[in-house]
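Peer 1: 20 is the number of the first residue of the sequence shown in my numbering; add one for each residue after it. For every residue, glycine included, the Cβ atom is placed at its ideal position computed from N, Cα and C.
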Amino acid sequence: MRRFPTSKYAEESRQRMIFKATLGAYDWIRQNARIDTTRLYIHGLSNGGSVALNMAAVVDPAHVRMVFSEGAP
20 MRRFPTSKYA
30 EESRQRMIFK
40 ATLGAYDWIR
50 QNARIDTTRL
60 YIHGLSNGGS
70 VALNMAAVVD
80 PAHVRMVFSE
90 GAP
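(1) From this set, Ala-71, Asp-55, Ala-52, Pro-92, which residue's C-alpha is nearest Lys-39's C-alpha?
(2) For Val-86, does the three-state DSSP call read helix, strand or coil?
(3) So for Tyr-61, helix, strand or coil by DSSP?
(4) Under 8 Å Cβ to Cβ from Gln-34, same chain only, skipping five residues before and after it: list those, please.
(5) Confirm, please, whether the CB-CB distance from Thr-41 to His-82 is below 9 Å.
(6) Would you mind reading off the limits of the alpha helix (DSSP H) that contains Thr-41?
(7) How would you call Ser-88, buried or exposed, if buried means at least 16 neighbouring beta carbons within 10 angstroms?
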């Protein structure tokens, strides 16, 4: 059985990968007319906690009400 080689990647690489996906999701949500974009929340745990903190620096405060970062390395 082949496993996804996550052990080969440094924490920084994982965070960059998760950040790009999260930023893409945020951009998609902002363009979706069926979503109330004035009440968005971002939550991350562990590596995602660091990504949540980085997302706080790039999102529009008019859209994101709160950022929750748990256990950021």
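Peer 2: Inspection of the coordinates gives the following:
(1) Put simply, of Ala-71, Asp-55, Ala-52, Pro-92 the residue whose alpha carbon is nearest the alpha carbon of Lys-39 is Ala-71.
(2) strand
(3) Going by the sequence as given, residue 61 is Ile instead of Tyr. Strand, per DSSP.
(4) Counting only residues of its own chain and dropping the five nearest sequence neighbours on each side, Gln-34 has a CB closer than 8 Å to the CB of Asn-66, Ser-69, Val-70, Asn-73.
(5) no
(6) Its alpha helix (DSSP H) spans residues 30-50.
(7) buried
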